[in-house]
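A short write-up of the structure that comes next.
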Amino acid sequence: MGNAALKEKLNWIPVIFMMIFFGGTWIFPMFYHVTEKYNSLIIFACLAALFFINVDWIGRLKAKDLTLIALIASLVIASVNLFIIDSNKGCILILADFLLLLYIAPFVSFSHVQYRTLAVFFLLMYGVWFLHDMEFSYNTNTGATYTVFSLFAALMILRYLSLKREILGYFIVLALLRTGTLVLWHLARGAFSALFFFCCFYLLFLLVNPARHKKTYAFISCFAVFGSLLFVWAYVTLSKTGYNMRMPLFYKNVFSGREDIWMEVWRMLKEKPLLGIGSGYELSSFFEYNMHNAMYDILVVHGFIVFAIAAFVIISRLIAIRDLITSNPYSLIAGSAIFAIFFESFIDMDLMWADYAPILLFLFLTLYRKDLTAPNAKEISDAKDPSGSGAVVESR
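Heads up: take any position in the sequence shown, counting from 1, add 13, and you land on this note's numbering.
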């Protein structure tokens, strides 16, 4: 059995486990509530399996792959920090899942059948919620966000159908309208922002091709990370002025509590800026330990050193997908959705939440595939090294 054939067979194991986990989570509320405390561990096991199946990590280390070295360094330092401050050790899995997902994306060699299986699976998962609103079986904000994120994945097949026969584009319009209606019905600001940013980035990348406007794209990539922290500072600063207003459509105040969380943990972080404060604390400003900002979570929980290294990994991966975003109609959707999730996570943790990780992985894998073309289109020329490190990536 050849190496590629063996990889394909082994990849089915984490793929099936992720589909079972994702399907159980978002169709059966009881499954969701039972596995919620183990979700980061389940996803870590799947991602670790994909890492060891697809990545020649020894060869990458010998080749001095800076991204892999940074990934390992960030997790080692973060783990040591948690022991030093005697914090809950489980929070390392949240960071590990996120960075591992980013790293393995260029190297995972899913077969055509495996990729199509995932595409059909996500379409069906979106279809269940399209036909039956189950948000009230979950947290309504969570359910609305799932609906938007699963739409991003479902759009791959919907877009294929629209390219094959133009009239079928009606299903894309219908899906967007239905999803937008559900989001507004449940007053989910985060989910609405994800849908809004997706539309914005889709139009932006159509008008401003990242492959040609490299400096603009580099700025957006850096802003996706550091702009998140800038948003925290601006939001807290404005809240101190005493100004507030009711948000249209959502019947909620602009300043409704996040500023208190961010100020409270900042005071704690100032005492341990290099080590971070860890997790598991009881906050006086909120009923659970939730930063409501993905990048701020990395900074506060793990400290400035780990955040700086993690930022390098994140930005390097975003820069690496620059020339892939407009390579075909599906990568345009995937790239726009990825940036939408990053920007939505200025006010939430969904970018790093394990229950959404299969969708984020699927979006990154879509960008790196070479066999995705419009129906009857010519084959896409080989993409440049997707890892950004000179590696030759096996054709899917």
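Each residue gets a CB set at the ideal place from its N, CA and C atoms; glycine is no exception.
#### Entry: Inter-residue spacing [alpha-carbon to alpha-carbon] between Ala83 and Phe232
Position 70 of the sequence shown, counted from the first residue, corresponds to residue 83. Position 219 of the sequence shown, counted from the first residue, corresponds to residue 232. Ala83 and Phe232: Cα-Cα distance of roughly 21 Å.
### Query
Do you know offhand how far Met43's Cα is from Tyr151's?
Mapped onto the sequence shown, residue 43 falls at position 30. Mapped onto the sequence shown, residue 151 falls at position 138. Distance between the alpha carbons of Met43 and Tyr151 is about 10 Å.
### Task
Round the Cβ separation of Leu373 and Thr379 to the nearest angstrom and send it over; I've been treating them as touching at under 8 Å.
To locate residue 373, count along the sequence shown from 1; it is residue 360. To locate residue 379, count along the sequence shown from 1; it is residue 366. The Cβ separation is near 11 Å, so there is no contact.
### Message
My output table needs one value for Asn306: the three-state DSSP class, helix, strand or coil.
### Response
For the purposes of this step, residue 306 is taken as residue 293 along the sequence shown, with counting starting at 1. Asn306 falls in the coil class under three-state DSSP.
### Message
Less than 8 Å between C-beta atoms, sequence neighbours within five positions excluded: which residues of the same chain meet that for Val196?
### Response
In the sequence shown, counting from the first residue as 1, residue 196 sits at position 183. Excluding sequence neighbours, Val196 sits near Ala157, Thr160, Val161, Ala204, Phe205 and Leu208.
### Task
May I ask which residues mark the beginning and end of the alpha helix (DSSP H) holding Trp366?
Taking the first residue of the sequence shown as position 1, residue 366 is located at position 353. Trp366 -> no alpha helix (DSSP H), and no H or E assigned at all.
### Message
Taking only three categories from DSSP, how would you classify Arg225?
### Response
Walking along the sequence shown from the start, residue 225 turns up at place 212. Note: Arg225 maps to coil in three-state DSSP.
### Query
Is the beta carbon of Phe111 less than 9 Å from the beta carbon of Ala370?
Indexing the sequence shown from 1 puts residue 111 at position 98. Indexing the sequence shown from 1 puts residue 370 at position 357. Yes.
### Task
Specify, as a first and last residue, the run of the alpha helix (DSSP H) that His145 falls within.
Position 132 of the sequence shown, counting from 1, holds the residue named residue 145. Here His145 belongs to no alpha helix (DSSP H), and DSSP marks it neither H nor E.
### Message
Give me, in chain order, the residues of the same chain whose beta-carbon lies closer than 7 Å to that of Ser292; leave out the 5 immediate sequence neighbours on both sides.
### Response
Residue numbering aside, residue 292 sits at position 279 when the sequence shown is read from its first letter. The answer, listed in chain order, is Ser100, Asn101, Cys104, Tyr302 and Val314.
### Helix, strand or coil at Lys397 according to DSSP, with G and I counted as helix
Your numbering for residue 397 matches position 384 in the sequence shown. Because Lys397 carries a pLDDT of 39, less than 50, the predicted location of this residue cannot be relied on, and the following value inherits that uncertainty. Lys397 falls in the coil class under three-state DSSP.
### Message
Can you give me the C-alpha to C-alpha distance between Tyr294 and Val319, rounded to a whole angstrom?
### Response
Here residue 294 corresponds to residue number 281 of the sequence shown, with the count starting at 1. Here residue 319 corresponds to residue number 306 of the sequence shown, with the count starting at 1. Going by the C-alpha atoms only, they are around 20 Å apart.
### Query
From Phe244 to Ala201, what distance separates their C-alpha atoms?
Numbered from 1 along the sequence shown, position 231 holds the residue referred to as residue 244. Numbered from 1 along the sequence shown, position 188 holds the residue referred to as residue 201. Using only the alpha carbons, I get a separation of about 19 Å.
### Query
In chain order, what residues of the same chain have a beta carbon less than 6 Å from the beta carbon of Ala167, not counting five sequence neighbours either side?
In the sequence shown, the residue the question calls residue 167 occupies position 154. Once the five neighbours on either side are set aside, the close Cβ partners of Ala167 are Phe135, Leu136 and Tyr139.
### Message
I need the straight-line Cα distance from Pro27 to Leu106, nearest angstrom please.
### Response
Against the sequence shown, residue 27 aligns to sequence position 14. Against the sequence shown, residue 106 aligns to sequence position 93. Whole-angstrom Cα-Cα distance: 17 Å.
### Query
Using the C-alpha atoms, what's the distance from Ile98 back to Ser340?
By 1-based counting over the sequence shown, the position of residue 340 is 327. By 1-based counting over the sequence shown, the position of residue 98 is 85. So the alpha carbons of these two residues sit roughly 46 Å apart.
### Query
Anyone know if the C-beta pair for Ile332 and Tyr215 falls short of 9 Å?
On the sequence shown, residue 332 is found 319 positions in, with the first residue counted as 1. On the sequence shown, residue 215 is found 202 positions in, with the first residue counted as 1. No.
### Query
Looking at Tyr116 and Thr155, is the spacing between their C-beta atoms short of 9 Å?
What you label residue 155 is simply residue 142 of the sequence shown in a count that begins at 1. What you label residue 116 is simply residue 103 of the sequence shown in a count that begins at 1. Cβ atoms of Thr155 and Tyr116: not closer than 9 Å.
### Query
Tell me which same chain residues have a C-beta within less than 8 Å of the C-beta of Ile185, skipping the five on either side of it?
Residue 185 sits at position 172 when you count from the first residue of the sequence shown. Contacts found: Leu168, Leu171, Arg172 and Ser175.
### Message
Looking only at its chain, what residues have a beta carbon closer than 6 Å to the beta carbon of Arg330, apart from the 5 residues adjacent to it on each side?
### Response
For the purposes of this step, residue 330 is taken as residue 317 along the sequence shown, with counting starting at 1. Leu115.
### Message
I'd like the ranges of any alpha helix (DSSP H) spanning at least 4 consecutive residues and lying wholly in the stretch 262-326.
### Response
271-282
### Task
Tell me whether the beta-carbon of Ser53 lies closer than 9 Å to the beta-carbon of Ala323.
Mapped onto the sequence shown, residue 53 falls at position 40. Mapped onto the sequence shown, residue 323 falls at position 310. In this structure, Ala323 does not lie closer than 9 Å to Ser53 by Cβ.
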